[in-house]
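Take a look at the structure below.
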Amino acid sequence: MVTAVSPLLDVRDVTLQYKTSEQLVTATWKVSFQADRSDRLVLLGPSGCGKSTLLKAIGGYLTPAEGAITLEGKPVRGPGPDRVMVFQETEQLLPWKTVKQNVAFALIASGRASRQDAADQAMNAIRTVKLEKFADAYPHTLSGGMKQRVAIARCLAMKPDIVLMDEPFAALDALTRQQMQEELLELWDRSKFTLIFVTHSIEEAILLGNRVVLLSPHPGQVKEILEVNLDDPDNRFYGCYDQLRDTINRVLFKDVGDYVI
Amino acid sequence: MSSDKVLTFTPPTVEAIADIARPLSRAERIWNQALVRKGFILLLLAVLWQLYARQLNNPLIFPTFSESVVALWQAFVHGELGSRVQTSLTILLSGYAIGIVLATLLAALANGTRLGNDLLEVLTAMFNPLPAIALLPLALLWFGLGNGSITFVLVHAVLWPVALSTHSGFASISPTIRMVGRNYGLTGMQFVLQILIPAAFPAILTGLKNGWAFAWRTLIAAELVFGVSSGSGGIGWFIYENKNQLEIAYVFAGLLTVIAIGVAMDSLFRLVEQRTVNRWGMKY
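Listed in order, the protein sequences are those of chains A and B.
If you read the first sequence in our numbering, its first letter stands for residue 71, the second for the next number, and so on.
If you read the second sequence in our numbering, its first letter stands for residue -5, the second for the next number, and so on.
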């Protein structure tokens, strides 16, 4: 069956389980949501709701025990450069490569560019995150925010179908985090990439997402999917923001007694 | 009131405190060089040696420093020490290279599969504590009197420490770095070469240093035991031969050569460390 507009990413009834040395843990239970092209979809929930595990499954690092994840109609099998992840840990940059080499490496290893083109494309990507002065610096000499910018530049240089971000700003200080959130939105304005963003911050979710998937923990299940239209100029006022935040709070915590958070 | 205070505040003039920056004297700067200080220690040792040997006055037991240096010069320029060094280093490098390749393969296998992991752990637990030189009698039986036997014990000396540290280096790589590598489509040997080896390089370098030290000691010891083969002995044989001819100054010349090569290799490893691990900010 072919629908008129099929979503770019389709997560359908996905149950994820992983083994620890002692037990089999069910991280998510029959989770479904869709993302269209240029969506900024946020997975929001308290710790234990399986949001990071879900992102890893979309990245191809985990196979669902049940259900299916399809990208442009094709099931996701294993990690690949069409879905690039940005992690929370600043250690995601290869310490033995300079900023420029880190970006170029991704392009070369994945076959996106030849050795010569990779250097130029890497410089362009580094310019978009305003780090051209640090192109030849090694990662350990950069601040946390700068490292995350390099990781974002490396990801965007790949021009992936989907950008997967796993709390990329969580380890940064509050001021840097705010700045990075704004810069991320500016970058999105420029190239309108599709973004799946995991966070446990309600403010971050409202600010960055145009669609927010609310997950409850143990095991992770979809509570509600909210459309956020702060992009709409008519809607951009604090009342709307507060209303959304209250809604999310209510949905996430209405039966808070049931959970250990 | 307080704003008045701020407005009228004048910082004390620099002269009132001290110099901001005073260049160190020439002597201080020279003494700050580690190389100068270490050279001084070497000089001191040489002087002590010379004084003691002179006082002992028995070149058959303990020749003076100057006699040893002259013997070293003679052995290099007119004698055979140069070719002896060459023989030793050639065989050492081939054993070292084979050991490293085997260790890398073993560690890569251990990284990929659980059984490979167990294999490496069992083998290193068994063979790492076994001194390579203890295998020499067996090696002689299998490979005969010659380079084959020495290469065999050298590989044994290098393989286990390098495999062990490479393995622990691989194991300590963060899952994030591994996921990054796989995200960009690296698998198999490319993944090992482009992600695992550089990410574990601090540990690998430590293993290479240990492997080198084990191999070097094993080589000299093995050469002392059965010395010359196929007409060309190494430094160990040079030492043994001169001891038999009571050319003790030449024995010391051989020992000095062994030390010098050891120090040179140590500096080389230090240089590699500066160019890689230190530059990348990877502490181990």
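We put the CB at the ideal spot given by N, CA and C, even for glycine.
Computed from a prediction, not measured in an experiment: that's the story for all the values here.
Legend entry - Buried or exposed by the 16-neighbour rule on C-beta atoms within 10 Å, applied to Lys200/A: For the purposes of this step, residue 200/A is identified with residue 130 of the first sequence, where counting begins at 1. The residue is exposed, with fewer than 16 neighbouring Cβ atoms inside 10 Å.
Inset, instruction - Determine whether the Cβ of Phe195/B lies closer than 8 Å to any Cβ atom of chain A. - result: Residue 195/B sits at position 201 when you count from the first residue of the second sequence. Cβ-Cβ to chain A under 8 Å: yes for Phe195/B.
Legend entry - Neighbourhood of Lys262/A by C-beta distance below 6 Å, restricted to the same chain and skipping five residues each side: Here residue 262/A is taken as the residue at index 192 of the first sequence, counted from 1. If we look at Lys262/A and ignore the five residues flanking it on each side, its Cβ neighbours are Ser108.
Legend entry - Member of Leu212/A, Ser184/A, Glu202/A and Thr211/A whose CA lies at the smallest distance from the CA of Met228/A: Here the question's residue 228/A lines up with position 158 in the first sequence. Residue Ser184/A is the option with its Cα nearest to Met228/A.
Legend entry - Residues within the region 176 to 187 of chain A neighbouring chain B, beta-carbon criterion of under 8 Å: Ala176, Ala179, Ser180 and Gly181
Legend entry - CB contact below 8 Å: Tyr279/B versus chain A: As displayed, chain B neither begins before -5 nor continues past 278, which places residue 279/B out of reach and without an answer.
Inset, instruction - Would you mind telling me which residues of chain A sit closer than 9 Å to Met173/B, beta carbon to beta carbon, in chain order? - result: Here residue 173/B corresponds to residue number 179 of the second sequence, with the count starting at 1. In chain order: Lys126, Gly129, Tyr131, Pro149, Met155, Phe157 and Gln162.
Inset, instruction - Indicate the three-state DSSP secondary structure (helix, strand or coil) for Trp154/B in the structure shown. - result: Mapped onto the second sequence, residue 154/B falls at position 160. Residue state, collapsed to three classes: helix.
Inset, instruction - Measure the Cβ-Cβ separation of Val220/A and Asn172/A and say whether it is below 8 Å. - result: In the first sequence, the residue the question calls residue 220/A occupies position 150. In the first sequence, the residue the question calls residue 172/A occupies position 102. The answer is yes: Cβ separation under 8 Å.
Legend entry - Span separating the alpha-carbon of Val146/A from that of Lys100/A: Counted from its first residue, the first sequence places residue 146/A at position 76. Counted from its first residue, the first sequence places residue 100/A at position 30. Cα-Cα distance, rounded: 17 Å.
Legend entry - Under 7 Å by beta carbon: chain B residues contacting Pro165/A: On the first sequence, position 95 is the one that residue 165/A refers to. Chain B residues near Pro165/A: Trp274, Gly275 and Met276.
Inset, instruction - Examine the Cβ distances between the region 208 to 218 of chain B and the region 127 to 137 of chain B and report whether three or more of them are shorter than 8 Å. - result: yes
Legend entry - Proximal residues to Asp236/A (C-beta, below 6 Å), its chain only, five neighbours per side dropped: Position 166 of the first sequence, counted from the start, is the residue given in the question as residue 236/A. Correct list, in chain order: Ser122, Leu125, Phe157, Gln158 and Val268.
Inset, instruction - Could you spell out the range, first to last residue, of the alpha helix (DSSP H) harbouring Gly248/B? - result: Taking the first residue of the second sequence as 1, we reach residue 248/B at position 254. Note, Gly248/B: alpha helix (DSSP H), Ile242 to Glu267.
Inset, instruction - Pick out whichever of Ile233/B, Ala151/B and Ala157/B has its Cα sitting closest to the Cα of Val116/B. - result: Start at 1 with the first residue of the second sequence, and residue 116/B comes out as number 122. Checked all of Ile233/B, Ala151/B and Ala157/B; the closest Cα to Val116/B is Ala157/B.
Legend entry - Where Gln188/B meets chain A, residues with beta-carbon distance less than 7 Å: In the second sequence, counting from the first residue as 1, residue 188/B sits at position 194. Within chain A, the residues near Gln188/B are Ala179.
Inset, instruction - With 8 Å as the threshold, decide whether the Cβ of Thr251/B is near any Cβ in chain A. - result: Taking the second sequence and counting its residues from 1, the one referred to as residue 251/B is at position 257. No, Thr251/B does not count as interfacial toward chain A.
Legend entry - Expected contact under 8 Å - CB spacing of Pro230/A and Arg153/A to nearest Å: By one-based count along the first sequence, residue 230/A stands at place 160. By one-based count along the first sequence, residue 153/A stands at place 83. Yes, they are in contact, since the Cβ atoms of Pro230/A and Arg153/A sit about 6 Å apart, within 8 Å.
Legend entry - Nearest-angstrom beta carbon gap, Thr118/B and Trp154/B [assumed within contact, 8 Å]: For the purposes of this step, residue 154/B is taken as residue 160 along the second sequence, with counting starting at 1. For the purposes of this step, residue 118/B is taken as residue 124 along the second sequence, with counting starting at 1. With 8 Å as the limit, Trp154/B and Thr118/B qualify as a contact, their Cβ atoms being about 5 Å apart.
Legend entry - Tyr208/A at chain B interface by Cβ criterion, 8 Å: Position 138 of the first sequence, counted from the first residue, corresponds to residue 208/A. It does: the Cβ of Tyr208/A has a partner Cβ on chain B nearer than 8 Å.
Legend entry - Neighbour flag for Leu180/B against chain A, beta carbons, 8 Å: Position 186 of the second sequence holds residue 180/B. Yes, because at least one Cβ of chain A sits closer than 8 Å to the Cβ of Leu180/B.
Inset, instruction - State whether the region 84 to 102 of chain A contacts the region 237 to 254 of chain A, with contact taken as three or more CB pairs (one from each stretch) at a distance under 8 Å. - result: no
Legend entry - According to DSSP, residues forming a beta bridge with Gln104/A: Here residue 104/A corresponds to residue number 34 of the first sequence, with the count starting at 1. Looking at the DSSP assignment, Gln104/A forms a beta bridge with Asp80/A.
Legend entry - Asp83/A, buried or exposed, once every other Cβ within 10 Å from all chains shown has been counted against 16: Counted from its first residue, the first sequence places residue 83/A at position 13. The residue in question, Asp83/A, is exposed, as its Cβ has fewer than 16 Cβ neighbours within 10 Å.
Inset, instruction - Return the residue from the list Gly230/B, Leu42/B, Thr200/B and Leu113/B that minimises the CA-CA distance to Ile253/B. - result: For this step, residue 253/B is matched to residue 259 along the second sequence. Comparing Cα positions, the closest option is Gly230/B.
Inset, instruction - Check the Cβ-Cβ distances between Thr160/B and every residue of chain A, and say whether any is below 8 Å. - result: On the second sequence, residue 160/B is found 166 positions in, with the first residue counted as 1. Thr160/B does not count as touching chain A.
Legend entry - Nearest candidate by alpha-carbon position, reference Val298/A, set Pro77/A, Leu285/A and Arg315/A: Position 228 of the first sequence, counted from the start, is the residue given in the question as residue 298/A. Val298/A has its Cα closest to that of Arg315/A, out of Pro77/A, Leu285/A and Arg315/A.
Inset, instruction - Would you check if there are 3 or more beta carbon pairs closer than 8 Å linking the region 66 to 86 of chain B to the region 265 to 274 of chain B? - result: no
Legend entry - Minimum C-alpha distance to Pro149/A - residue among Ala247/B, Gly179/B and Ser166/B: Indexing the first sequence from 1 puts residue 149/A at position 79. Of Ala247/B, Gly179/B and Ser166/B, the residue nearest in Cα terms is Gly179/B.
Legend entry - Beta-carbon proximity check, Gln249/A vs Leu278/A, cutoff 8 Å: Against the first sequence, residue 249/A aligns to sequence position 179. Against the first sequence, residue 278/A aligns to sequence position 208. Cβ atoms of Gln249/A and Leu278/A: not closer than 8 Å.
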